Every structure is written in C-alpha cells, then in structure tokens.
Amino acid sequence: MELNGRSAIITGGSIGIGASIAVEMAREGANVAINYRKHDTEAKEVAKTIEKLGKTCLIVKADVTNNKHAEGMFKKVIEEFGGLDILVCNAGINIDRVIWKMSENDWDNVINVNLKGYFIYNKLAASHFKEQRSGKIVNITSINGLRGKFGQCNYSASKGGIISLTKALAKELGKFNVNVNAVAPGMVMTEMAKNIPSEFLQKAVDETVLGRIASTEDVANVVLFLCSEKSRHITGEVIKVDGGQYI
Amino acid sequence: MPFKYFGKINFTPYTKVDKFSEYLHKGKLMGSRCKKCGETYFPPRADCLKCMDDKFEWVQYSGKGTLHSFTTIHAAPKGFDDIAPYTLGIVDLEEGGRLISWIGDIPKKEVKIGMNVKVVPRIFEDIPEIKLYYTIEKP
Amino acid sequence: MKVGIVGIGHGKFGNRSDATVQELAFEPFKESIEDTKNLRREDIDALIVGSVPEYHMQRSLPGVVAEYVGMNPKSTWLTEAACASGSAAIRTAYMAIKSGIHDIVAVIGVQKMRELSTEEILALMGRVGDVQWESIFGTTFPGYYALYANRHMHEFGTTKEHMALVAVKNHFYGSMNPYAFFQKEVTKERVLGSDDVAFPVNVFDCCANADGAACVILTNEKLAKKFNETPIWIEGVGSASSQMSLLRRPNLVEIPSAVEAAKQAYKQANVKPSDISVADVHDCFTIAEIMAYENLGFCERGKGGKFIEEKQSYIDGKTPVNVDGGLKAKGHPVGATGVSMTTEIVKQLRGDAGKRQVSGAEIGLTHNVGGIGQYTFVHILRR
Chain A
399 MELNGRSAII
409 TGGSIGIGAS
419 IAVEMAREGA
429 NVAINYRKHD
439 TEAKEVAKTI
449 EKLGKTCLIV
459 KADVTNNKHA
469 EGMFKKVIEE
479 FGGLDILVCN
489 AGINIDRVIW
499 KMSENDWDNV
509 INVNLKGYFI
519 YNKLAASHFK
529 EQRSGKIVNI
539 TSINGLRGKF
549 GQCNYSASKG
559 GIISLTKALA
569 KELGKFNVNV
579 NAVAPGMVMT
589 EMAKNIPSEF
599 LQKAVDETVL
609 GRIASTEDVA
619 NVVLFLCSEK
629 SRHITGEVIK
639 VDGGQYI
Chain B
33 MPFKYFGKIN
43 FTPYTKVDKF
53 SEYLHKGKLM
63 GSRCKKCGET
73 YFPPRADCLK
83 CMDDKFEWVQ
93 YSGKGTLHSF
103 TTIHAAPKGF
113 DDIAPYTLGI
123 VDLEEGGRLI
133 SWIGDIPKKE
143 VKIGMNVKVV
153 PRIFEDIPEI
163 KLYYTIEKP
Chain C
175 MKVGIVGIGH
185 GKFGNRSDAT
195 VQELAFEPFK
205 ESIEDTKNLR
215 REDIDALIVG
225 SVPEYHMQRS
235 LPGVVAEYVG
245 MNPKSTWLTE
255 AACASGSAAI
265 RTAYMAIKSG
275 IHDIVAVIGV
285 QKMRELSTEE
295 ILALMGRVGD
305 VQWESIFGTT
315 FPGYYALYAN
325 RHMHEFGTTK
335 EHMALVAVKN
345 HFYGSMNPYA
355 FFQKEVTKER
365 VLGSDDVAFP
375 VNVFDCCANA
385 DGAACVILTN
395 EKLAKKFNET
405 PIWIEGVGSA
415 SSQMSLLRRP
425 NLVEIPSAVE
435 AAKQAYKQAN
445 VKPSDISVAD
455 VHDCFTIAEI
465 MAYENLGFCE
475 RGKGGKFIEE
485 KQSYIDGKTP
495 VNVDGGLKAK
505 GHPVGATGVS
515 MTTEIVKQLR
525 GDAGKRQVSG
535 AEIGLTHNVG
545 GIGQYTFVHI
555 LRR
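Chains as they are written, first to last, in this note's numbering: chain A, 399 to 645; chain B, 33 to 171; chain C, 175 to 557.
Shown next as structure tokens:
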C-alpha cells in the first residue's frame, strides 16, 4: 500500500473531491483528518466509510479562514496520529457574478476561503514539515485558475493565486525535502454538480476531448500519486485533471 | 549532497568525508570509526590518525556535550559581517571529539564554560540555496 | 661546530606605504652588513627569506628580494611557517651552516601586510585555522586566542586585568624602541576600555598588522670572530608542531608546540628556564604572552597572570620578557617578527640595548609561534 503508516489532513474533506481524496488515501493505508464547517452529517459518513477500511478518520469542526481553528486541528492531528506527513488543501467556495454586480463581500469571502485559507494551512504544514525534513503538500486549484472564467473573476483570481503560492512554496521548502504541487480539475461530477442544469453540464462535456466529466476519484488518484514516493521528483508542478477541457 | 553546501561560506568543495553533509541534511550528526582499529573521530576523517588505515564507517553522534570555551566575534571576516556579532562555542561531545559552531538560542548571560549543551543540525532558512550547519543549544 | 650571529639589522615597522617589499628588505640587509667587521656582500653565500607570501601582490618573494639587494647569483629560497617564518628561516640557515653546505647565510624577514585591500585581508584572515570545520563559521585570529583566553580564565582565574598589564608593559618598552610602530605608552584603563574584538579580547589586547623587515647574518665558528668580536652563538634550536585544529588539541590553555620546542632548545643548550636572562616571546595577543610565560617554564602552569601582576617580566623582574615592546608595540609584520626578536636578543647579549638593557644578560631566548599554534620555533642564544 502506497501510503501505509502516513497521516494526512484534507481540508473540505466532508464532501465532493475532498471526501473522495480522504477515502482513497485511507484505502492506500493512511490515517486522515478532515474538517467541516457545516456538513457534519456528511463528515461523519466519510469517517464511517474510512473506519470500515480499517483506518482512522478524525473529524474536526473548523472554519478554514480561522487561524486558531487551524492551529487546533494541527495540534490534535499530530497528537493523535503521532505526526503529519501530508496536507491537501481542497476547501473552496464560489460566488459567481459579473464584476459590475459583484459586491466587496462576494470578493472577500471567496478570496478568504480559497486563498487565505490555503495560506493558513500551508503555513502550519510548512513549519512542521521543515522540522522533520519531509512532507507532501497538494493544493487543489482549478483549470479556471489557469484560464479566466466568465462570471468568476473572484474564483479565478483565487485559484490562480493558489498556483503561484504553490510554486513559491515549492522553492522555499525544496531543501527540506518537501514536495509542493497543485492539481487543477476541470468539471467534476460531485453532489453539487448534480444540481447544475443539464445544458451547462453538456457544455462542459463538449469542452473536453475525452467526452466525459471527471469523477471525484479521477482527481483523488492524481492527488494520491503526488503524495506517494513515485512522484518524489515532482515539485512546483500543476497537473490538470480535465479530460482535455483546457489544452 | 556535496560537502560544499556545509557552512555559511564553504572553502572545501571536495573531501573524502563528503557524505557528512548528506547525513547533516537529514538531520544527523555523523563521525567516523576506523574499521581496522576502532578509533572514532569527530569531526570525521577518512584516514585513521592512529593506524593509518583508510577504511572507515559512519557513526551517529547524539550532539550532547559540554561547552569547552566560547567567544563573541565583533570584528568579522569577509562574508560574516552580516551576522556579527555572533558567539562561537567549542563543544566537547559526549561520545568524544569536539566541534565548533555558533551558540543558538541560549541567552547571553546563561552561556557558561562547562554547561551541558546539545548540537542541533540546521538548514539556512531565509535563502533559496541549500546551506547546512549546526548550532549549540540548551539540551 | 657552533653557529653564530655576526650582523643584525632592523627597519622601522609600521605603515610603510613608501616602499615595495624588496625596497623594505634592503634597509636591514645593508645595516646588518655594516654591523659586521669586514664582511662584504659577496662573501654571503646564501639568502633565506622568511615571509608569508599570501599577503603580497608580488609572487615569489625571494626572487625579487635577492635581485634587489644584489645577491644574484647566490642561492636563495623562501622559508614559511606563518607568523614563525622569521625563526623558521633562521633555523634553516642554522641547518645549512651546521651541515657545512653554506658558510655565511643572510636571513631577511620581510612582510608587507597592507598591500591587499581590507576586504581581501578580511577574507584571508578568515581562513586562519582549519578551513574545513572551523572557518565556515567565521573564526578569526583574535577569535582563536579569545577561545584560549576564556578557557584560561575559567581554569586558572586569569583576568582581563592581567591581560591588560601585558599591553601596558610592552607599550612602556615600545616607547623606548625607535623601530617600534607604536611609540606611546598606554594605561590599563585604556586597554580595558577599548572596543571588543572577540570577547574577552579587546582592540588593545591585539598586536597590529604592520609592514617591516629585519635581517641577521649567521656564520660558522671558524669564520665568526673574523666578522664580529662578539658573535652571539645559537646554543639551542627547538621546533615543534601542534594540531592545526583546536578541535583536536589536548587542551586550550597551552600551546603544545611551544612547550615541546622549548624543551628541545633547553635540552640542546643545556640550560633551565631560570637561566634565561632575557626573552622575546610571541605576544600576538596579550593572553599569548601570559601563556608563553607558562609554556616556557618561566612560571608554573596557570600562574602566568600572577607573573605579570608581580612585574616579573619587567627588566628588573625574574625573567625580562619583550623589553623591546614585543609584537604589541612593534607591530607584527609576520615574516619579519622572528628575525626582529633575534636582533633584540643579540643586542641584549652584546650589551647594546641602551635604556632597555637587562644588566648582565648572558643567555637569551626567542619564542616565535606560527598561526594559532601549529608551529613554534624556540632559539636559545648565548654570548
């Protein structure tokens, strides 16, 4: 098993891509910790699934924009698991508007959760990983961070910011034997996505060259690869998982 | 991890004990032991001083020791002026051998000859380049 | 077959930006020939230069020096042992004469310390000890001696006051020495109040870099009286080495090479430390003189502080030391120092030291240490 004995924190791990990452990591042998803001039922479901796989899943109520919550979560994880090897930042929101209709709050909230939240967790992980001279950080971005998306100037800005943050940190942490990478999914079939009107879903499918939409496992598999020793020589990289949606 | 990554300014690009810096990067303080006569050395040396044999093995040191002497350098040589003044300490290592390095987080008035100390491997953090060193801390 | 010194010469030490290294070497060379009786330049059959090449822009120093002083085509070469180069060169001359290969040898110790830029000198000085394990942390010359001093203070109760008293004595005598760099006396308060260089060493605990040259002419027993009525004989030569790295020394409170070299010299000369009438020791830093008292046996181990406190190293003390000002007042042109020390002892033994004369000086000693103690040369001279 690729991640046997390792411990990981996945933010936004109660639903969607995050939940899938948590479960797949547990399947590969890792103990995981996930946070939730309001999806406590879903978080407990994820924990149950993982326990059936014979691993431990800690669930922590934490708002990713809150530094104290984050510090508490790291402390708990390190105590209970005896250490930390992996951080996956995945928690993200979107509030779509054209810019002339976008309020300051619409902007701030997306930037705070999507970008500042990553800063808070990346900083805590960096401080820990550099002391132990090993670690893996994977930041979930989006192809809309590589390109601009209509109606998502806040979301695109935050996702683009994650990419440069990832690259800067790859440079700072390289000498401490820490890999920092980003994964950029295109359209992913999550519970949320199931509510999108079918014309928009079809538009997304047509954008891809493989003619399909990613499952959450498609993204999780790439995250796992970046957390394994198979990718030990990859750092500061952005890997798209978009079926060719944006080439 | 070449030896040239060791020290604030390194003057020794090549040495037979090159692996020292590789271990240091991993956080380990390593000395040498002569395979023939068993004599140990810190700092490590490839050729045994005692029996002159050239086969040696690496031995891990705990870093624990006592402070033998120290001085605070005010007038620094080239390349060290940006960190002056700094305090150099000589440590007698528990397992034998000695090293010289900087006093780390020990407050000035607590630094006393004979005190117990611990040598901690470190990586220079605020520069992009990899540069390895160690500091003398309270145990 | 004895070896004797028949001619001495000494230039002014200090800031000699008025001359090249070979022009500097010319002054004492000329003086030493004139100091003899009847010696002509062409009688000298070899020239040994004591100097540390790294400080000069000119490479291959003996080449230019031999040419300028007019020694071509005689044999010439460099002897180097850091700050002990001067004495090392004298030892080489002694060996050449003792072996019969040369009859009359001139030894010029010469050094310019100020040709390189401050930056270049700082970089050079930073590579003083073991470069592989020590210099990478920014060790310096004063730093090494400060490490000795701090340990000496810890083990024996030596104080900064003791160290300051050495500076006071040496500047007192330096003010009477026209060749010295510094001609003014200093007070203990001035020394203690000077800036920190490397705790516990202050600015006034350190000798100064200086330019300068000195020369001695040696010959064998057969020829000596021909060139000087009072040849001064080299009765004992000692030479030893210590680990370069402080990390491999047995202790930091003595210079093992000095202890060993002194033993050899005393044995060969068949004298005891208490027989020494006057000595010139290597006071690159004030603590170094205190350690020298102990290493040479002038006092017991650890009692060096007491020795200076009781003024035992003044002219009327038990063993007068550095009554020409030492490196402290003269300055330290590294290659020249050992030869300078020798000229002083020769003067004393001839009775020519004027105001600084130690009365009835019979047996003298020079103690010249290289670097941080990796070499020491001890010579015992007798009239």
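Idealized CB from N, CA, C, for every residue including glycine. Note that this is a predicted model, so its numbers are computed, not measured.
Annotation for S191 (chain C): R288 place their beta carbon closer than 7 Å to its own, counting only its chain and skipping 5 residues before and after. Counting every other CB atom within 10 Å of its CB across the protein chains shown gives L485 (chain A) a total of 16 or more, marking it as buried. Separation of F112 (chain B) and Y118 (chain B) (C-alpha to C-alpha, rounded to the nearest whole angstrom) is 9 Å.
Under DSSP, the beta-bridge partners assigned to R65 (chain B) are B:T72, B:E89.
Under a 10 Å Cβ-count criterion, V433 (chain C) is classified as buried, with 16 or more other Cβ atoms of the shown protein chains found around its own Cβ.
Remark: C-beta atoms of T540 (chain C) and T516 (chain C) approach each other more closely than 7 Å. DSSP, reduced to helix, strand and coil, places S133 (chain B) within a strand of the structure shown. I168 (chain B) has a beta carbon lying at 7 Å or more from every beta carbon in chain A. Close to F574 (chain A), with beta-carbon spacing below 8 Å, are these residues of chain B in chain order: I155.
Cβ-Cβ distances below 7 Å link S412 (chain A) to I432, Y434, H437, E440, A441, V444 in the same chain, with the five nearest sequence neighbours on each side left out; the list follows chain order. For R531 (chain A), the nearest beta carbon of chain B is closer than 7 Å to its own beta carbon. For W505 (chain A), there is no enclosing beta strand (DSSP E); the residue is part of the alpha helix (DSSP H) that begins and ends at 502-509. For the 7 Å CB-CB criterion, I429 (chain C) and A323 (chain C) do not form a contact. The beta carbon of Q442 (chain C) sits closer than 6 Å to the beta carbons of G410 from its chain, once the five residues preceding and following it are set aside; these are given in chain order. Between G39 (chain B) and chain C, the shortest Cβ-Cβ separation is below 7 Å.
Straight across, the Cα-Cα distance linking G546 (chain A) with L563 (chain A) is about 18 Å. Using a C-beta cut-off of 8 Å, the stretch 142-161 of chain B makes no contact with the stretch 371-381 of chain C, since fewer than three inter-stretch Cβ pairs fall below that distance. Cβ contact annotation for I391 (chain C) (same chain, cutoff 6 Å, sequence separation greater than five): V180, G181, S206, A280, in chain order.
Across the structure, K170 (chain B) and T104 (chain B) are spaced so that their CA atoms are roughly 18 Å apart. At a cut-off of 7 Å between beta carbons, H57 (chain B) makes no contact with chain C. Contacts with chain C (Cβ-Cβ distance below 9 Å) from the stretch 99-119 of chain B involve H100, S101, F102, T103, T104, I105, H106, A107, A108, P109, K110, G111, F112, D113, I115, A116, P117, Y118, T119, listed in chain order. DSSP links D454 (chain C) through a beta bridge to C:T540. Of all residues in the stretch 295-319 of chain C, those with a C-beta nearer than 8 Å to a C-beta of chain B are L296, A297, M299, G300, R301, V305, Q306, W307, E308, S309, I310, F311, G312, T313, T314, P316, G317, reading in chain order. Chain-order list of chain C residues neighbouring R130 (chain B): S419, L420, L421, R422, R423, by C-beta distance under 9 Å.
Ranking B:G129, B:K48, B:K141 by CA distance to the CA of V151 (chain B) puts B:G129 first. Here the alpha carbons of E126 (chain B) and E71 (chain B) stand approximately 15 Å from one another. In terms of beta-carbon proximity, I159 (chain B) stays away from the interface with chain A, with every pair separated by 7 Å or more. In the three-state DSSP reduction, F551 (chain C) falls in the strand class (E or B). When the beta-carbon positions are compared, F459 (chain C) and S261 (chain C) stay at least 7 Å from each other. By the Cβ neighbour-count rule, A566 (chain A) is exposed, with fewer than 16 other Cβ atoms within 10 Å of its own. Taking a beta-carbon distance threshold of 7 Å, P75 (chain B) counts as an interface residue toward chain C.
Counting along the chain, no beta strand (DSSP E) covers F598 (chain A); the unbroken alpha helix (DSSP H) around it starts and ends at 596-605.
Judged by beta-carbon spacing, V581 (chain A) lies within the 7 Å limit of V620 (chain A), meaning their Cβ atoms are closer than that value.
The residue among C:G386, C:I406, C:K204 with its C-alpha nearest the C-alpha of V195 (chain C) is C:G386. Shown here, M587 (chain A) sits in a strand according to DSSP, grouped into three states. Approximately 16 Å separates the beta-carbon atoms of Y353 (chain C) and F200 (chain C); this is outside 8 Å, ruling out the contact.
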